[in-house]
Structure formats: C-alpha cells, structure tokens
Amino acid sequence: MELINVKGFVLKEQTYKENDKIVWILCENIGKISVLAKNAKKSTNSSFVVTQPFSLVQLNLKKGKSFHYIFDGTLIKNLDFIGCRDSIFYLTYFFELLDIAFSEKDIIDRNFFKFLLNIFLMFEVPEINKNLIMRIFELRILREVGCNFEFEYCYYCSNRVKGSVSYFDFSLQNVVCVSCRKLKEFKVENRIINIMRFLGTVNVSSILKIKVSDEDMDFIFKINKVLLEQNLVKMPNSIKFLGGY
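Take 1 as the starting number for the sequence shown in the numbering used here and just add one per residue.
Written out as structure tokens, the structure is:
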C-alpha cells in the first residue's frame, strides 16, 4: 500500500453519512485535495483532531478512486482565538479565499506555501495589523490566479507613472498616466500606487515594521476587492465581516 505524505491547511469540512466527513486540504506541492475521513466526527477518533478547519496538519494518505483516505496524521498547528476573537473573521476570510482561488489538483508552489504558512502564523502575533496582512495576502492571491496587474508603467505609453496622481483601468488591470487617460479610469493617488507596489513584493517577516494609515488601507481594499471580483468565480461570504460590503 503506497502512502502519500502531505503537509497542508484544512480549508473546510462537510458531513458525510453519520460519523464521517469530507475535508478539503490545500497541500504543499500537490494542491487542493478532498479527503474522506472515516468516523472523524467522533471526538475519540484519531482523525478528529487532524480534520478541524483552520488547522495546519501533516497526513499520510491512501489514494482511492474518488477520495484520499487518512491513514494517520499529526496536528502541526491550530490557532487559539480566546485572546483575540476578531481573528476568527480574518482567518475565515483567509481560508475561504484560498478555497475559492484554487481548484483541486492546482499545483501549489513551495514558495507560495511558505508564504501562506508565514501569514497563518502572523494571526497569533498580538500587535500585528490584520488588515495589512489581508491586503498583502489578497495581492499575492491575485498574482497566483493569473491577475497580472501593473502599478508602475502606463499601459499605453509604457512610461513610468509620475506626479501625485495617476489612474487605474480595471478592464486592463493596469495603471494609466495622466497624459494617456481615457476618462474611464479610476483616479488613484500615486502614494497608494506606490504602497500597493511595495505590498505586492514585501517579505512577510517585515510586516511589523510597515505603517499604512487606515484611510489608505481602506482605499487599497476597494481596489483589491474589484480585482478579486474580476478574477474569482465568486467572492468569499466572509468579506462582509471585514467591511467589504
């Protein structure tokens, strides 16, 4: 019997029959998979702990015709929300966005998985700005699903945008300079453009040092939200808890 060893995030669960459940796990290298966990609804069963949503787990799996099956597993990390209850809203959004963005068998790059792991662990840092984490996460998700937005060079003339104001064309997903604007673009201060460009490439370990005003963060959220709507099959329901609607 060949076993597949995976590390992954438990995205969501669904009851299957009386005591079983199906869980969807986003795994390093092999991507999102569905796993049938026998008797996992029983708290005394060994699969109970490793099939809880919002958990990072290590599993040995057997591959079946329709599902993978758990042979054994270990809980690596789940988060304690007692000290910071608002984290549950952000983490729900984090996992729901991952579930929507990736289909089963989409390949998950090792560097992207490491990025997700770092973001996941940041939720436990008391002084972390969770809105900032989410804006960085959204920009990275957009790149992963193929949204090649451009914040530095004008779509039409290819010159670097300058001055205090530029424009963003959502149909092109590209910045447009003042000289080339067509009166249909979204006006954006270059300060915002520069912040978004920086957040799109920043190392997660530097997050604690980054300071962005609440006003600028809200503006970036509006831009990200439109781009997500354009590039995902649906929007996460949990976005409403973060002021998205």
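Positions of the beta carbon are idealized from the N, C-alpha and C atoms, including for glycine.
Can you give the Cα-Cα distance for Q173 and S43, rounded to whole angstroms?
48 Å
Select from L91, C154, E144 and N118 the residue whose C-alpha is nearest the C-alpha of S238.
L91
With 16 other Cβ atoms within 10 Å as the buried cut-off, status of R110:
exposed
DSSP three-state assignment for I192, whether helix, strand or coil:
helix
Does the stretch 142-154 come close enough to the stretch 66-74 that 3 or more CB-CB pairs lie under 8 Å?
no
Taking only the alpha-carbon atoms, compute the straight-line gap between S251 and N148 and give it to the nearest angstrom.
It is not possible to answer for residue 251, since the shown part of the chain is limited to 1 through 245.
Taking the alpha carbon of S179 as the reference point, which residue from R197, S158 and E2 has its own alpha carbon closest?
S158
Which residues bound the alpha helix (DSSP H) around L183?
Neither: L183 is in no alpha helix (DSSP H) and is coded neither H nor E.
For F151, which three-state DSSP category applies?
coil
Along the chain, where does the beta strand (DSSP E) containing K7 start, and where does it finish?
I4 to Y16
So what does DSSP say about A37, is it helix, strand or coil?
strand
Which stretch, first to last residue, makes up the beta strand (DSSP E) that contains T74?
H68 to N78
Below 8 Å on the Cβ atoms is my guess for Y167 versus F137; work out the distance and round it to an integer in Å.
That pair is no contact at about 26 Å.
So what does DSSP say about N60, is it helix, strand or coil?
strand
Can you check whether the CB of L61 is closer than 9 Å to the CB of V6?
yes
Where does the unbroken alpha helix (DSSP H) through F219 begin, and where does it stop?
D214 to N231
Backbone CA spacing between G73 and V50 [nearest angstrom]
6 Å
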